[in-house]
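Protein chains in written order, with UniProt numbering: chain X, 1 to 257; chain E, 1 to 257. From the three backbone atoms N, C-alpha and C, an ideal C-beta is built for every residue, glycine too. Fair warning: this is a prediction, and the values are worked out from it, not measured in the lab.
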DNA sequence: AAAAATTTGTGCGTATGTATT
DNA sequence: TAATACATACGCACAAATTTT
């Protein structure tokens with residue numbers, strides 16, 4: 001364990017195992033972020049100022065910042081400063097997962113955009129997910145979704161034909177899945193399963209989501225079923241991992257805003 | 001988006017019905033993978049051989065391979081060949097999430113390793129997650145978990161003291177959380193919430209998980225509670241995204257092997 | 001447009017306390 | 001006890017990126 005210099009004010013608090021100066025500084029900054037005394041987007045004092053305030057060397061402050069940056073709470077930019085990262089949008093996943101509701105719950109303005117729609121024969125995995133014969137016709141709808149104008153996710157959803165022949169047009173009008181499904185006679189639907197993987201964004205995804213190349217996305221595949229347990233939608237969505245975290249709550253009752 | 005050259009069959013991707021040569025080839029390979037005619041790890045024929053078999057130019061085969069590689073089904077290695085990727089371990093998340101059960105369900109041998117255990121004062125987020133006062137003592141247990149000997153995840157779990165003073169020793173003996181909690185008098189526990197983010201692996205995570213630098217991890221934070229809804233464990237786990245996918249099933253009843 | 005100032009990033013050397021051998 | 005390895009912390013200097021003058 002590290003050395004403890006009793007003359008150092010920052011190290012005078014606790015003296016347990018593993019309590020080092022840089023850890024104390026990191027905890028203090030973390031607490032400031034947690035209490036919103038350092039709100040998202042806020043610029044921290046410079047490393048030199050923090051070092052002076054805590055009475056330590058600049059390297060020690062840098063060690064604390066590095067620890068918080070690794071956990072995604074801070075982001076240091078050479079020449080500009082160090083900033084508090086935005087809290088990710090919390091996106092609950094459960095039996096009644098709906099994009100627009102999830103975004104609105106966090107007091108953001110949801111939006112959806114239809115990029116492309118085409119009829120294609122189902123590939124093997126699409127056919128399996130929708131429980132239809134291989135190469136049966138489906139409509140593939142490419143979408144991009146927003147919260148307050150910033151892109152959150154993009155992806156392709158597949159729906160069987162001819163039942164959902166009118167889906168694309170309805171989605172284009174509404175910019176949301178639920179009303180578009182309603183236009184096709186689906187009063188209610190349920191999320192059957194959600195698979196979550198992670199990978200680097202493809203070039204197309206990076207362009208659509210306005211991500212720096214190499215940033216990572218949460219790759220989510222989902223199956224929705226209607227009231228009769230018939231699969232109606234197979235989706236393949238990439239969420240910008242910088243802006244969203246997925247939340248699986250076992251208490252599926254309510255999420256207060 | 002790429003340019004559109006009508007004389008090039010592969011460039012019809014972004015227009016029309018989407019039934020292009022490379023798509024047909026990709027579907028065929030995908031189907032072979034789906035029915036295990038191309039098992040995980042298998043090497044594909046060379047691009048030249050595939051081009052000859054399908055009667056297309058090698059560029060067309062490359063377009064199909066690129067599409068499947070982007071979805072993680074294939075991996076092309078310059079100079080070596082193209083290989084079928086291993087199917088990721090499917091890791092169900094729900095009210096009764098347990099690592100060892102999840103791994104055993106997929107017919108793999110689970111394992112756990114205690115890397116380090118120390119008593120520390122709770123940071124603000126730990127204290128909030130466990131519903132204890134700030135800076136209250138907790139035990140932080142660093143673990144690494146395996147399936148069939150290959151590392152799957154690493155992370156730190158935090159448990160309040162003095163209730164779980166014996167946890168670390170019990171975990172070291174058993175290599176699993178559930179029996180270690182039982183040793184502390186917790187007969188049963190429930191997953192309260194799970195937050196899923198994604199990011200690049202840190203240097204330490206890359207080393208522990210045997211990942212190439214820059215590969216991505218699923219960063220999962222979880223809270224488990226005992227029968228009285230008292231938080232007993234706050235975990236912060238990084239899953240190697242190459243080797244595991246998280247599965248949220250609304251029908252939480254059963255998963256057949 | 002160019003120069004200066006500011007801020008983070010990197011490297012080296014030194015010293016000290018902790019843990020292991 | 002001694003030797004060794006390691007993590008922490010300090011001090012100085014300079015490089016690289018950005019903003020301001």
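I'd like to confirm the pairing. Which residues does DSSP put opposite residue i in its beta bridges?
i, result
"residue 91(E)", "246(E)"
"residue 234(E)", "158(E) and 223(E)"
"residue 144(E)", "113(E) and 154(E)"
"residue 74(E)", "84(E)"
"residue 124(E)", "Note: residue 124(E) sits in no beta bridge, so no partner."
"residue 240(E)", "217(E)"
"residue 139(X)", "119(X) and 159(X)"
"residue 43(E)", "83(E)"
Exposed or buried, what is residue i when buried is set at 16 or more other beta-carbons lying within 10 Å of its beta-carbon?
i, result
"residue 187(E)", "exposed"
"residue 173(E)", "exposed"
"residue 259(E)", "Only positions 1 to 257 of chain E appear in the structure, and residue 259(E) is not among them; the question remains open."
"residue 123(E)", "buried"
"residue 238(X)", "buried"
"residue 138(E)", "buried"
"residue 36(E)", "exposed"
"residue 145(X)", "buried"
"residue 52(E)", "exposed"
"residue 23(E)", "buried"
"residue 7(E)", "Confidence is the limiting factor: at residue 7(E) the pLDDT is only 30, short of 50, which leaves the residue's position unreliable and the question unanswerable from this model."
Counting along the chain, where does the alpha helix (DSSP H) carrying residue i start and finish?
i, result
"residue 38(X)", "Per DSSP, residue 38(X) belongs to no alpha helix (DSSP H) and is neither H nor E."
"residue 70(X)", "58-70"
"residue 259(E)", "A question about residue 259(E) goes unanswered here, because the residues of chain E that appear run from 1 up to 257."
"residue 164(X)", "Taken as a continuous stretch (DSSP letters only), residue 164(X) belongs to no alpha helix (DSSP H), as it is neither H nor E."
"residue 133(X)", "No alpha helix (DSSP H) holds residue 133(X); DSSP gives it neither H nor E."
"residue 278(E)", "Given that chain E is displayed from residue 1 to residue 257, the structure contains no residue 278(E) and the question cannot be resolved."
"residue 103(E)", "99-105"
"residue 53(E)", "47-54"
"residue 207(X)", "203-209"
Express the C-alpha separation of residue j and residue i in angstroms, rounding to a whole number.
i, j, result
"residue 115(X)", "residue 142(X)", "5 Å"
"residue 89(X)", "residue 243(X)", "6 Å"
"residue 156(X)", "residue 140(X)", "6 Å"
"residue 158(X)", "residue 132(E)", "46 Å"
"residue 5(X)", "residue 60(X)", "Confidence in residue 5(X) is poor, its pLDDT being 33 and thus under 50, which makes the residue's placement unreliable; the coordinate value appears in the next sentence. Computed Cα separation, rounded: 13 Å."
"residue 171(E)", "residue 110(X)", "45 Å"
"residue 216(X)", "residue 203(X)", "11 Å"
"residue 136(E)", "residue 118(X)", "58 Å"
"residue 249(X)", "residue 82(X)", "33 Å"
"residue 112(E)", "residue 64(E)", "40 Å"
"residue 75(X)", "residue 164(X)", "45 Å"
"residue 103(E)", "residue 223(X)", "23 Å"
"residue 70(E)", "residue 56(X)", "47 Å"
"residue 245(E)", "residue 206(X)", "22 Å"
"residue 150(X)", "residue 108(X)", "10 Å"
"residue 189(E)", "residue 153(E)", "21 Å"
"residue 105(X)", "residue 94(X)", "15 Å"
"residue 92(E)", "residue 232(E)", "21 Å"
"residue 147(E)", "residue 179(E)", "18 Å"
"residue 127(X)", "residue 184(E)", "48 Å"
"residue 78(X)", "residue 58(X)", "15 Å"
"residue 218(E)", "residue 162(X)", "38 Å"
"residue 29(X)", "residue 167(E)", "30 Å"
Along the chain, where does the beta strand (DSSP E) that runs through residue i open and close?
i, result
"residue 86(X)", "First-last for residue 86(X): undefined, no H or E at that position."
"residue 193(E)", "189-200"
"residue 150(E)", "150-160"
"residue 286(E)", "What the structure shows of chain E is the stretch from 1 to 257, and residue 286(E) is not part of that stretch, so it cannot be assessed."
"residue 116(X)", "110-121"
"residue 173(E)", "No beta strand (DSSP E) holds residue 173(E); the alpha helix (DSSP H) holding it covers 167-174."
Answer yes or no: do residue i and residue j have a C-beta to C-beta separation smaller than 8 Å?
i, j, result
"residue 240(E)", "residue 209(E)", "yes"
"residue 211(E)", "residue 201(E)", "yes"
"residue 160(E)", "residue 181(E)", "no"
"residue 192(E)", "residue 225(E)", "yes"
"residue 84(E)", "residue 45(E)", "no"
"residue 67(E)", "residue 26(E)", "yes"
"residue 199(X)", "residue 72(E)", "yes"
"residue 50(X)", "residue 195(E)", "no"
"residue 220(E)", "residue 99(E)", "no"
"residue 19(X)", "residue 34(E)", "no"
"residue 42(X)", "residue 62(X)", "no"
The ligand ATP heavy atoms versus the CB of residue i: any closer than 7 Å?
i, result
"residue 194(X)", "The ligand ATP is not among the ligands present in this structure, which contains no ligands whatsoever."
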